[in-house]
Amino acid sequence: MPAPVVPMLNYFAYLFDGGHWSLAGEGIPDRLLQHIAYTLVTLAISAVIALPVGLFIGHTNRGAFLAINIGNAGRSLPTFGLLSLMVVLVGIGTLPVIVALVVLAVPPILASTYAGLRSVDRSAVDAAIGMGMRPMQVLFRAEVPMALPLIVSGLRSALLQVCATATVAAYVGLGGLGRLLIDGLSTNDYPQVFAGAVLVAVLAVLLDLLSAAVERAVVSPGVRERSVRRTRWRRARPDPTNEDAPTSPVGISG
Amino acid sequence: MITYIQGNQARILSDLGQHVWLSLLPVLVGVVLALPAGYLTVRYRWLYQPVVNLGGILYSVPSLALFVVIPAIIPVGTLSPLNIVVALSVYSFALLARTVADALISVQGETTWAAAAMGFRPLRQLFGVELPMALPVMMAGLRVATVSNISLVSVGAIIGVGGLGDLFTRGLQLSYLAPIIVGIVLSVLLAAVCDSGIVLVQRWLTPWTRAGAR
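Chains as they are written, first to last, in the working numbering: chain A, 1 to 254; chain B, 255 to 468.
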């Protein structure tokens, strides 16, 4: 009986080939940087759009219906479909991809910003008003710090989703780590596909760890401790009068 | 648009059919695996953190990456529908195991003590008290898993098996909007129908949540 070939060795051939790591041209570092750039640019644009709207809705409780429904609808939009739509409408380029990714990232940020502000203890807000804070001070010195855990969790899930979906962008001719997957698939170069998959997964996990560290740094320790207990409690007994509230701002990454 | 739908009815319907089972079968697998896993993390608390962490990592792996890596780990073809089902089952499990664990942990307390004091044995307490009380939270997780799966299946079209995603790749190749719009609309509709279905089942299973709401 012939000795079985160990296939795992072949899988790593592309990933561990020094030639693919060269800084010049379209090597792995180039793809990695493109991927990170798409992800961060998208996240920044989405945050600029979603955070103010979410803060307004959460602070005034006006248009809550809108926030909840955009959140739910966003989760059910097929990202690949959206990307295809944008590419056919606008043509191939960075713009349609960024637009599609922004549409993907806005709902979780919006929904969790809203949910975060609504979860803030009313008596703390009343205390802030009673202390003579102006509306903007109430928002930024009382509500936002206490809502930060949820706001940041929305940003983190958006980050993960965008990082994952940016892979799909390669299908419509863009760069990023998806190129390794798509090019590898089309040329049956399995080690290349495998390298792309491993790199994307590692990048996603690293970005998530990094954002966890950022969360630890920006969220006040007192709020962190309390919010852990409070979110458990809130999840445990969802308000029956508010069934449509987003129970989890997290969607599955695309 | 209308002419496209009329001319391609058979194809659209078969894509939709494939989409339905490609997205719902993994949810079923996820539930079947997550219930015992979640229960174990409640019985043996030290398991909770590893399960949550593992779920978080599985969750952050992009679907396209999962679609191409799974055939390297278990013997399914890259282009086999089974591959998509396994990948989405992994996501569903990662999401639901945590939800089940959180839901079961959240109902521990006075009610379970009362049940124990009334002489409920562990198994009867689980099925008669804990699971029904944990149902609303678990159903919320089920809704997220179902809706996300439905929107994710279409990514599979990149490797050739993707239900309605087939319409997206077609539209891209032909630079033709009609199939893309049909695909998006059907996918969103399917998600809405399944979501409402779960809500209805939940209402039917948990009549007491409405009794208390006045």
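Here a beta-carbon is modelled for each residue, glycine too, at the ideal position from N, C-alpha and C. Keep in mind the model is a prediction, meaning the values are calculated, not measured.
Exercise for review: Give a yes or no on whether the C-beta atoms belonging to Ala355(B) and Val305(B) are separated by under 8 Å.
Suggested key: yes
Practice item. Spell out whether any CB of chain B is found under 8 Å from the CB atom of Pro29(A). Key: no
Point to revise | Start and end residues, alpha helix (DSSP H) containing Trp458(B) | key: 431–459
Practice item. For Leu82(A), I'd like the list of residues in its chain whose CB is within less than 8 Å of its CB, leaving aside the five on either flank, ordered along the chain. Key: Ala100, Val103, Leu104
Check your understanding: Are the C-beta atoms of Val205(A) and some chain B residue less than 8 Å apart?
Key -> yes
Check your understanding: Just how far apart, CA to CA, sit Leu15(A) and Gly27(A)?
Key -> 11 Å
Exercise for review: Decide yes or no for the touch test of the stretch 375–388 of chain B against the stretch 445–452 of chain B: beta carbon pairs closer than 8 Å, at least 3 of them.
Suggested key: no
Review point. With 16 as the cutoff for other CB atoms within 10 Å, does Gln192(A) come out buried or exposed?
Key: buried
**Study point:** For Thr231(A), the three-state DSSP class (helix, strand or coil)
**Key:** Low confidence applies here, because Thr231(A) scores a pLDDT of 45, under 50, leaving its location unreliable; read the following figure in that light. Three-state result, Thr231(A): helix.
Exercise for review: With 8 Å as the C-beta to C-beta threshold (strictly closer), list the residues of the stretch 112–131 of chain A near chain B in chain order.
Suggested key: none
Review point. Is it a yes or a no for the stretch 185–200 of chain A touching the stretch 319–330 of chain B, going by three-plus beta-carbon pairs under 8 Å?
Key: yes
**Study point:** Proximal chain B residues relative to Thr167(A), where beta-carbon distance stays under 8 Å
**Key:** Pro316, Leu318, Ala319
Check your understanding: By the criterion of Cβ-Cβ separation under 8 Å, what are the contact partners of Asp208(A) in chain B?
Key -> Gly310, Ser314
Review point. Could you give the residue range of the alpha helix (DSSP H) that holds Asn69(A)?
Key: 64–76
Review point. Around the C-beta of Asn61(A), are 16 or more other C-beta atoms found within 10 angstroms, so that it is buried, or is it exposed?
Key: exposed
Review point. How many Å lie between Ala256(A) and Gly132(A) at the Cα?
Key: This structure gives no information on residue 256(A), because the portion of chain A shown stretches from 1 to 254.
Point to revise | Outcome for Gly58(A) when other beta-carbon atoms lying within 10 angstroms are tallied against a minimum of 16 | key: buried
Check your understanding: Do Ala170(A) and Leu159(A) have their C-beta atoms closer together than 8 Å?
Key -> no
Exercise for review: Under the assumption that Ser405(B) contacts Ser429(B) (Cβ atoms under 8 Å), give the Cβ distance between them as a whole number of angstroms.
Suggested key: No, Ser405(B) and Ser429(B) are not in contact; Cβ-Cβ is about 23 Å, not under 8 Å.
Practice item. Round the Cβ separation of Val168(A) and Phe80(A) to the nearest angstrom and send it over; I've been treating them as touching at under 8 Å. Key: 6 Å
Review point. Among residues of its own chain, excluding the 5 on either side of Ser346(B), which ones have a beta-carbon nearer than 6 Å to its beta-carbon?
Key: Pro280, Val281, Gly284, Ala399
Practice item. To the nearest angstrom, report how far apart Arg134(A) and Glu215(A) are at their CA atoms. Key: 27 Å
Review point. When the cut-off is 8 Å and only beta carbons count, does Phe80(A) lie next to chain B?
Key: yes
Check your understanding: Which value, in whole angstroms, describes the spacing of the CA atoms of Gly173(A) and Pro78(A)?
Key -> 19 Å
Exercise for review: Would you mind stating whether Gly184(A) and Gln34(A) have Cβ atoms separated by less than 8 Å?
Suggested key: no
Exercise for review: Can you give me the start and stop residues for the alpha helix (DSSP H) that Pro280(B) sits inside?
Suggested key: 263–297
Review point. Is DSSP giving Phe16(A) helix, strand or coil here?
Key: coil
Point to revise | Within-8 Å CB hit, Phe422(B) to chain A | key: yes
Check your understanding: When the Cα atoms are used, what is the spatial distance from Pro4(A) to Leu289(B)?
Key -> Because the pLDDT at Pro4(A) is just 49, under 50, the model does not fix this residue reliably, and the value given afterwards should be weighed accordingly. Distance between the alpha carbons of Pro4(A) and Leu289(B): 38 Å.
**Study point:** Whole-angstrom distance between Val90(A) and Pro96(A), CA atom to CA atom
**Key:** 6 Å
**Study point:** Segment contact, 8 Å Cβ cut-off, at least three pairs: the stretch 416–425 of chain B with the stretch 63–77 of chain A
**Key:** no
Point to revise | Exposure label - Ala432(B); buried when at least 16 CB within 10 Å | key: buried
Check your understanding: Using a beta-carbon distance below 8 Å, is Gly284(B) in contact with chain A?
Key -> no
**Study point:** Partner residues on chain A for Ala445(B), Cβ-Cβ distance less than 7 Å
**Key:** Ser76
Review point. Whose Cβ in chain B lies nearer than 7 Å to the Cβ of Ala197(A)?
Key: Ala319, Val322, Val323
**Study point:** Min CB distance Ala326(B) to chain A below 8 Å
**Key:** yes
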